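To start, the structure itself, in structure tokens.
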Amino acid sequence: MRWICIILSLVFISACAPVKPVEQQEQAGLQFIEGTVQAVSGNEVVISLKLPEFKKTPDIPISEIAHQVVQKSLFLEGIMTDINGMPAVIKDVRGSNITVMFEKPQTYPAGTVLKLTIPKKTIAIVDFEVIRGREKEAGRVTLEGLTSSLIDSGHFTVVERSKLKVIMNELELSLSGLTKEPPEKIIGGFLTADIILTGTLAEISGVWDINLRLVNVRTGHAMAAIAMRMPLFKPGELRDASAMNEDFEGDAVNPSWQIGYKGRGAFLVKMDTTAGAENSKHSLKIDFDLAKAGRNMFVSAENRSKRDLSLFSGIEFYVKADIPLTGHLALFTSERENPNIIDAWVGNFEIGASWKLIRIPFEQLAIGRGWIKEGAERYGAKPGKQILDVSRVESMRIGVHSGNNPPVKGTVWIDKVRFYRE
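Counting the sequence shown from 1 gives a position; the numbering used here is that position plus 16.
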């Protein structure tokens, strides 16, 4: 049981990885801090720290969490630091007062101002648990944001989550007796971490109770707590972070799918209640006439739900057609500062007469050159920096492009659309 507690603490500390500070440059550039000598006893010195106050970013809760994580973990018991260029070990931390131990006795007079190096810590990252609320993905989304901010802050090195998962699985096997590897050896995989962040999220009517604890791996003790109650996301940041799992088996098509006649009558998008993939009965159907579409029309089923797909690796769906065709996928992403600056990311695939599973990793999508030349202007947008950010998906389209196919009439069926992670 003791080993499990230690592991969990390690895991949780990483989850709380400091979020990108409101003034990111200030936090990232903060390498030293001043302190005033309070007392000296041999090689031990008590120092009162002049703690920095980071500027806050209004209405960005994740940034506030990050600020607190950074500020409450500047110095840890047992960690090495430099004071006026001399190595020392942090022996005790109590609020803004710390006791440090030098290799040799010191003779600093009380009131002496010292310059302390803020040590870079290693933090282990584990998923937050959502114990109440409908948005179960919120814990993972929050964790991803905190992880990025933590790295950007410059104060932490992050232990990979995949490594944590492997160690946790090995520890469970060891404790169950299914492996001869002793827990002591397995736990060693965590000892490279200095801090663990653990915590829970609970939501009621859009307001979140956030309860986090920072654990010092060397001592096994909780060194700080973070408790907040606030909306976790701004209304403009709320995006669908689910895997989608659209099978069209309901009585009506989800309103985020744009059904009806499109492209000046060149194609019609509607539900088909007679044909579906994997022996199902429903799918989304596109009847089209590429002769009417012209040279540069994307005959497609479009979903306009705003999404954060940062937890996923790619998209997969089933597709078939009544004639062989070249299919086309487009993912539209916006810039965080200006949602009207949009890039199109595209990929092609083959469509045959039988249902076929198409699986496209996001990293294999290419920038849409046609979108840059004229598509963005027709859409009332501006092309962006050509940097794929799947946390800012504005819409996606699946279908066939007139530029990749002959001017024929036909039908395409789409079913079981989902986002996957590896």
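Heads up, the beta-carbon is just placed ideally off N, CA and C, and yes, glycines get one too.
Owing to the predicted nature of the structure, the values given are computational and were not obtained by experimental measurement.
Is residue i buried or exposed, if buried means 16 or more other CB atoms sit within 10 Å of its CB?
| i | result |
| --- | --- |
| Tyr277 | exposed |
| Glu160 | buried |
| Ser350 | buried |
| His237 | exposed |
| Leu166 | buried |
| Asn232 | buried |
| Ala382 | exposed |
| Ala369 | exposed |
| Thr289 | exposed |
| Phe378 | buried |
| Gln41 | Low confidence applies to Gln41: its pLDDT is 39, below 50, so where it sits in the model is not reliable, and the reading given next is rough at best. Exposed. |
| Gly384 | buried |
Residue j and residue i - do their beta-carbons sit closer together than 8 Å?
| i | j | result |
| --- | --- | --- |
| Thr427 | Ile275 | no |
| Trp371 | Lys336 | yes |
| Val223 | Met244 | no |
| Lys137 | Ser89 | yes |
| Ile376 | Gly330 | yes |
| Thr163 | Val174 | yes |
| Val53 | Leu132 | no |
| Arg413 | Glu318 | yes |
| Val116 | Ile63 | yes |
| Leu92 | Val105 | no |
| Ala257 | Gly279 | no |
| Ser407 | Leu325 | yes |
| Leu46 | Ser112 | no |
| Gly415 | Ser316 | yes |
| Leu248 | Pro77 | yes |
| Ile339 | Val424 | yes |
| Met215 | Asn312 | A small correction: the amino acid at residue 215 is Gly; Met does not occupy that position in the sequence shown. Their beta carbons are not under 8 Å apart, which means Gly215 does not touch Asn312 by this criterion. |
Using the Cα positions of residue i and residue j, report the straight-line distance between them to the nearest angstrom.
| i | j | result |
| --- | --- | --- |
| Glu393 | Val409 | 18 Å |
| His171 | Ile134 | 8 Å |
| Asp225 | Glu145 | 12 Å |
| Leu217 | Arg323 | 21 Å |
| Gly391 | Asp359 | 10 Å |
| Gly396 | Ala282 | 22 Å |
| Tyr124 | Ile81 | 37 Å |
| Phe264 | Phe304 | 20 Å |
| Phe118 | Thr208 | 23 Å |
| Glu438 | Phe328 | 8 Å |
| Gly419 | Trp429 | 20 Å |
| Asp267 | Tyr334 | 20 Å |
| Lys107 | Ile114 | 7 Å |
| Glu294 | Lys286 | 20 Å |
| Ile147 | Gly363 | 39 Å |
| Gly101 | Ser79 | 32 Å |
| Asp405 | Pro103 | 43 Å |
| Gln380 | Pro355 | 23 Å |
| Ile99 | Glu353 | 41 Å |
| Glu332 | Ser296 | 17 Å |
| His83 | Ser57 | 34 Å |
Who are the near neighbours of residue i in its chain, counting only those whose CB is closer than 7 Å to its CB and skipping five residues on each side?
| i | result |
| --- | --- |
| Ile388 | Pro399 |
| Met260 | Val433, Arg434 and Phe435 |
| His417 | Phe314 and His344 |
| Ala55 | Val62 and Ala126 |
| Gln402 | Asp359 and Ile383 |
| Arg320 | Ser272, Gln274 and Ser411 |
| Phe48 | Lys131, Leu132, Thr133 and Ile134 |
| Met96 | Pro103, Val105 and Pro135 |
If you drop the 5 nearest sequence neighbours on each side, which residues of the same chain put their C-beta closer than 8 Å to that of residue i?
| i | result |
| --- | --- |
| Asn421 | Leu306, Leu341 and Thr342 |
| Leu230 | Ile29, Cys32, Val85, Lys88, Ser89, Ile211, Ile212, Leu213, Ala238, Met239, Ala240, Ala241 and Ile242 |
| Thr128 | Thr52 and Val53 |
| Thr235 | Glu93 and Gly94 |
| Asn462 | In this structure the chain extends from 17 to 438, so residue 462 is not present and cannot be described. |
Ordered along the chain, which non-local residues of its own chain (more than five positions away) have a Cβ less than 6 Å from that of residue i?
| i | result |
| --- | --- |
| Gly292 | His298, Ser299 and Asp431 |
| Ile220 | none |
| Phe365 | Gly343 and Ile374 |
| Ile357 | Glu351, Lys398 and Gly400 |
| Cys21 | Note that Cys21 scores 45 on pLDDT, short of 50, meaning its location in the model is unreliable; the coordinates nonetheless yield the value given after this. Cβ neighbours of Cys21 beyond the five flanking positions: none. |
| Ala262 | Residue identity check: residue 262 is Glu in the sequence provided, not Ala. Only Val433 meet the Cβ criterion. |
| Leu284 | Tyr277 and Asp303 |
Item to check | 4-residue-minimum alpha helix (DSSP H) runs that sit fully inside the segment 285-339, ordered along the chain | outcome: 306-309
Checklist entry - What alpha helix (DSSP H) runs, 4 residues minimum, are completely inside the segment 53-124? => result DSSP runs (the alpha helix (DSSP H)) wholly in the segment 53-124: 77-88.
Item to check | Complete beta strand (DSSP E) runs within the segment 234-281 (minimum length 3 residues, chain order) | outcome: Whole beta strand (DSSP E) segments, 3+ residues: 238-246 and 276-278.
Item to check | Completely contained alpha helix (DSSP H) runs for the segment 330-412, where each covers 4 or more residues | outcome: 392-395
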